[in-house]
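Chains as they are written, first to last, in my numbering: chain S, 1 to 202; chain R, 1001 to 1257.
1) In angstroms, rounded to a whole number, what distance separates the CA positions of residue 54 of chain S and residue 44 of chain S?
2) Can you give the Cα-Cα distance for residue 27 of chain S and residue 42 of chain S, rounded to whole angstroms?
3) Could you check what DSSP says for residue 1 of chain S in three-state terms: helix, strand or coil?
4) Per the DSSP calculation, residue 181 of chain S is bridged to which residue(s)?
5) Pull out every residue of the segment 1194-1221 of chain R whose Cβ sits closer than 8 Å to any Cβ of chain A, in chain order.
6) Looking at C-beta atoms only, is the number of pairs between the segment 1204-1212 of chain R and the segment 1166-1180 of chain R that lie closer than 8 Å three or more?
7) Between S:154, S:122, S:152, S:133, which has its C-alpha nearest residue 146 of chain S's C-alpha?
8) What span of residues does the alpha helix (DSSP H) with residue 1166 of chain R cover, start to end?
9) Please state whether DSSP places residue 198 of chain S in a helix, a strand or coil.
10) Should residue 164 of chain S be labelled buried (16 or more other beta-carbon atoms within 10 Å of its own) or exposed?
11) Using a Cβ-Cβ cut-off of 8 Å, state whether residue 76 of chain S counts as contacting chain R.
12) Cα separation between residue 60 of chain S and residue 71 of chain S?
13) Under a three-way DSSP split, which group does residue 119 of chain S fall into?
14) Work out the CA separation of residue 1243 of chain R and residue 1088 of chain R for me, nearest whole Å.
15) Which of the three DSSP states, helix, strand or coil, is assigned to residue 1214 of chain R?
16) DSSP three-state label for residue 30 of chain S, please.
17) Rounded to whole angstroms, what is the Cα-Cα separation between residue 1125 of chain R and residue 1151 of chain R?
18) With three or more beta-carbon pairs closer than 8 Å as the criterion, would you say the segment 1065-1081 of chain R touches the segment 1106-1115 of chain R?
19) Quick one, which of S:78, S:58, S:57 has its alpha-carbon nearest residue 1213 of chain R's?
20) Closest Cβ-Cβ distance between residue 129 of chain S and chain R: below 8 Å?
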């Protein structure tokens, strides 16, 4: 057994005494993985489908997994009855400067006209989703749940809210009326309030 | 033959009670073992194990409150309809019109009490080291029962459909938005997308599954009603049976230290 190694290396070293020991196990180890790989694959298939019993249990397991996934999917409704996401809110000159219009609050919209622009704020508090109240005298939105406060711009300044109120997309429709589109939102902390879709100049 | 003997010798009596009265030790054991409810309990209990100063009877009180909640809850279901149109008015009706509508307050206060006693029970089990082997499995069952009890409280909270209920559930379920991978605002959720199409979005995440809608709505009311009245109580009843049976199997109530 020590002969092949000396032949391959071909070095005429006079004392290769410790060398012969490792090659002996090396040869069978190198050979061994080749067979079990195929064997494992076959074993896996046999375990799944090799007998009526195995095939039966495989089918049962597949059916149970399918039923579980189907049950979860069943709980996700496909149709929701929601009001339309685009809301007409009126002509731009109907809005007074420095006023918050609360007429559309039940549709999750405050329309605000302030220093030459009109924008639509979402009425959802950015803390945990309650609806703040507009306090005219104190000029702030105040959330009754945990006390978050937002300025007229929507920027948070007190309480636990981590970020400003979101703004909806707003634009002028064909008939000249303002249209708020709740399918698009603009977040101040992402620098999106400079987007021309998020306000209308008057 | 006395009346008592006549009854005890009748076929009806004998078909129900298949053993003599539990007057001696053997029959006491047999009666325990042949009754579906009693056999969940140990046949005998150490005197120290039932000492009030040791167990506080907190598990027993919690179970008693569960029974109170079940009975009063079933009665309330005869008056309450889980729809936007009726829910709130039915609660007012219970308060103002129904005779003994105070059952609703009993249900509510019982729920508060159950949450308190289940925590105290857990506290006692922890202090006496009763969570240690061989009782570690039953500790696990108990933790699940604790979570289910809290979920019963959470789902029941929405049913009056007043402002407090709606906003409390809005706040509570909004935390679901932020759950990792499963909430659409949670960490990792943005990673779950196929070619830019998000798999987790406001209309398809853990919170949506819970609410049945994007906001707390009529769908949510129905969902919470079913969870509160059927799904969770069934799971709790099943686990309570396992919990009691395992006390016996794990060697009875742990001994005083």
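Backbone N, C-alpha and C define an ideal beta-carbon position, used for all residues, glycine too.
With the structure as the only source:
1) Distance from the CA of residue 54 of chain S to the CA of residue 44 of chain S, rounded to the nearest whole angstrom, comes to 11 Å.
2) With a pLDDT of only 49 at residue 27 of chain S, under the threshold of 50, the placement of this residue in the model should not be trusted; the figure read from the coordinates follows. Residue 27 of chain S and residue 42 of chain S have their C-alpha atoms some 25 Å from each other.
3) For residue 1 of chain S, the pLDDT reaches just 42, beneath the cut-off of 50, and the residue's location in the model is therefore unreliable, although a value from the coordinates is still provided. Three-state DSSP puts residue 1 of chain S in coil, outside helix and strand.
4) Beta-bridge annotation (DSSP): residue 181 of chain S is paired with S:86, S:169.
5) Looking at the structure shown, chain A is missing, and the protein chains on hand are S and R.
6) Yes: the two stretches touch, three or more of their Cβ pairs being nearer than 8 Å.
7) Ranking the options by Cα distance to residue 146 of chain S, first place goes to S:133.
8) Residues 1163-1174.
9) Under the three-state reduction of DSSP output, residue 198 of chain S falls in the helix class.
10) Residue 164 of chain S should be labelled buried.
11) Residue 76 of chain S has a beta carbon lying within less than 8 Å of a beta carbon in chain R.
12) Here the C-alpha atom of residue 60 of chain S lies approximately 16 Å from the C-alpha atom of residue 71 of chain S.
13) Here residue 119 of chain S sits in strand by DSSP.
14) Approximately 37 Å, taken between the alpha carbons.
15) The three-state secondary structure of residue 1214 of chain R, taken from DSSP, is coil.
16) Because the pLDDT of residue 30 of chain S is 49, which lies under 50, any placement of that residue in the model is unreliable, and the question is left without a value.
17) Rounded to whole angstroms, residue 1125 of chain R to residue 1151 of chain R spans 22 Å at the Cα level.
18) The segment 1065-1081 of chain R is in contact with the segment 1106-1115 of chain R.
19) Comparing alpha carbon positions, the residue from S:78, S:58, S:57 closest to residue 1213 of chain R is S:78.
20) Answer yes: the Cβ-Cβ gap between residue 129 of chain S and chain R drops below 8 Å somewhere.
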